[in-house]
Structure formats: C-alpha cells, structure tokens
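K.L.:
For the sequence shown, position 145 (counting from the first letter as 1) is numbered 145 according to the UniProt record's numbering, and the numbering increases by one without interruption.
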Amino acid sequence: MKYAVVIPAFQAAATLAPVIAAWRTMAPASEAILVIDDGSTDGTTEVAKREGATVVRMAVNSGRGAARARGVQETDAPFILMCDTALTPAPDFMSQAIPWFADSKVGAVFAYVVQQEPKTFVERWRGRHLFKSAPPVQNRRALLATSICILRREAVEQVGGFDAALRAGEDADLGRRLLAAGWDVVTDPTLWALSHTRDSAHGLLGRYARVEFSARSVGSRVAAPICLRGENDGP
Numbered sequence: 001m002k003y004a005v006v007i008p009a010f011q012a013a014a015t016l017a018p019v020i021a022a023w024r025t026m027a028p029a030s031e032a033i034l035v036i037d038d039g040s041t042d043g044t045t046e047v048a049k050r051e052g053a054t055v056v057r058m059a060v061n062s063g064r065g066a067a068r069a070r071g072v073q074e075t076d077a078p079f080i081l082m083c084d085t086a087l088t089p090a091p092d093f094m095s096q097a098i099p100w101f102a103d104s105k106v107g108a109v110f111a112y113v114v115q116q117e118p119k120t121f122v123e124r125w126r127g128r129h130l131f132k133s134a135p136p137v138q139n140r141r142a143l144l145a146t147s148i149c150i151l152r153r154e155a156v157e158q159v160g161g162f163d164a165a166l167r168a169g170e171d172a173d174l175g176r177r178l179l180a181a182g183w184d185v186v187t188d189p190t191l192w193a194l195s196h197t198r199d200s201a202h203g204l205l206g207r208y209a210r211v212e213f214s215a216r217s218v219g220s221r222v223a224a225p226i227c228l229r230g231e232n233d234g235p
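In structure tokens, the structure reads:
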C-alpha cells in the first residue's frame, strides 16, 4: 500500500525527533514523511530537516484544520498517515492497519493512545478520563480522531477534505462527513501509539475541552476511545 506520513507540527521541537525516527523505520515504508510546520518558532523545522523529513512551512500559524488540509494537498499518495508530534506508533502499526483497506468501504482507520506509567495526579487523571482502555471490539462507525490515523484519499476528497477554518474539531467534522457519505470510519483495538506528552493541569483541561467540543460537534459519542492531542501534538 502506498502511503505518505503527514505530521502537523507547532512548537514541537522537543518531541518530534523520535516520532520521525519511528516512521523512518516502519515497515512497510512510506513514500514520504512530511512535517507541516504551522508557524513554529522553537526550531521545529530544523529538527524535522535534521531527522530527514520534508518540511512544508506555513507562513503564519493557521490551526489544525489548515495544517491537516495542507498536508493532504502536499502529497498525492492514495493513503495518508496522519500522526501528531508526541506519538510514536507500535512497531507493527502499519502491518496491522493495512488489511482494513482491502475493504473499499473503509475511508479511515485510527488507533487509540496509551501513556507512559503515570507519575503525577494530572497524568493519572488523564489516563482515567482521556487515554481510555482499548474497546473490546472494533467499531466501524466511530468518531474520527486524527491523532494517529490512516485516511483513504478518495474518501477525503469526495467529502471535501479538512475544513481549513477549524482550529479544533477538524477531525470530528471530517469524520461526520465521511460517515454521512457512507464510508466506514474504523477504530481497531490492536492499533496503538504511545504518548510522550507531559501535561500541565492547564494543558490537560485544554485537551479535555477540545475533545468535548469534537464530540458535541457531531451530536453524539461513540464507544471507541478518542485519540487526543497535547500542547506538542500539533498545531
């Protein structure tokens, strides 16, 4: 399966290198690794280039929807792997995910996120309320989370792609349109990625607010875990 890795990034210099390294060693290999630098000032672009990624630098910080939309535009690969900047995938991530796309109805597949052993109250709260346990079964009608996911280009383009005006909830918005158009959006309990984010209480509340916004924007919740972004996990 031909795919490109797209990593939206904002102020991600501290966590980006191991993420790129993980995708460089993934099998099967990607056609390209693109970092969409959404106006960072902390050396994100330099880190990405040093690690061998291709960098597309946005002139001004434009938000999550715009960065993801730009990433889709910058590659012509038939499948697009989106990954946030503090998530490293399981070593067998692609070999586990690819078989889903033998089904032409599948427009997107996404993973759940696990955290390192919690060391603080904030991290314990995050593990309980945000990084939830994997679901016991697959869900083919899930609320899309793009923290780490694979998108079928045909499906994304058919429904109009990411809304570049959205700074939050861009994944739920795209997922709602995919489901409405008849595409399956799959979460698979065998797919996971490890978060390297260390949240402050303020940052954690911001993340929780974003996921609540995403869920309410589609008018419902699903049983699948929602993959989340941190302060270093994207624009």
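Glycine included, each C-beta is placed from N, C-alpha and C at the ideal position.
Predicted model only: the values in this text are computed from it and were never measured.
Please report the distance separating the alpha-carbon of P18 from that of P91.
P.N.:
About 13 Å.
K.L.:
Output the boundary residues of the beta strand (DSSP E) element that contains L87.
P.N.:
Taken as a continuous stretch (DSSP letters only), the beta strand (DSSP E) holding L87 covers L87 to P89.
K.L.:
On the DSSP letters alone, give me the boundaries of the beta strand (DSSP E) that A32 sits inside.
P.N.:
Its beta strand (DSSP E) spans residues A32 to D37.
K.L.:
Over the uninterrupted alpha helix (DSSP H) stretch that includes F93, give me the two end residues.
P.N.:
That run of the alpha helix (DSSP H) goes F93 to A97.
K.L.:
In three-state DSSP terms, what is A22?
P.N.:
A22 falls in the helix class under three-state DSSP.
K.L.:
Quick one: what's residue 240 bridged to in DSSP?
P.N.:
The structure shown has nothing for residue 240, since the chain only spans 1 to 235.
K.L.:
Terminal residues of the continuous beta strand (DSSP E) containing D163?
P.N.:
It is not in any beta strand (DSSP E) - D163 carries neither H nor E in the DSSP assignment.
K.L.:
Can you check which of these residues, T88, V185, V137 and T44, is closest to V106 by C-alpha distance?
P.N.:
Checked all of T88, V185, V137 and T44; the closest Cα to V106 is V185.
K.L.:
Tell me whether V137 sits in a helix, a strand or coil according to DSSP, three-state version.
P.N.:
V137: coil per DSSP, three-state reduction.
K.L.:
Applying the 10 Å Cβ sphere with the 16-neighbour rule, what's the burial state of R70?
P.N.:
By the 10 Å Cβ count, R70 comes out buried.
K.L.:
Between Q138, L16, R177 and A172, which has its C-alpha nearest E157's C-alpha?
P.N.:
Comparing Cα positions, the closest option is R177.
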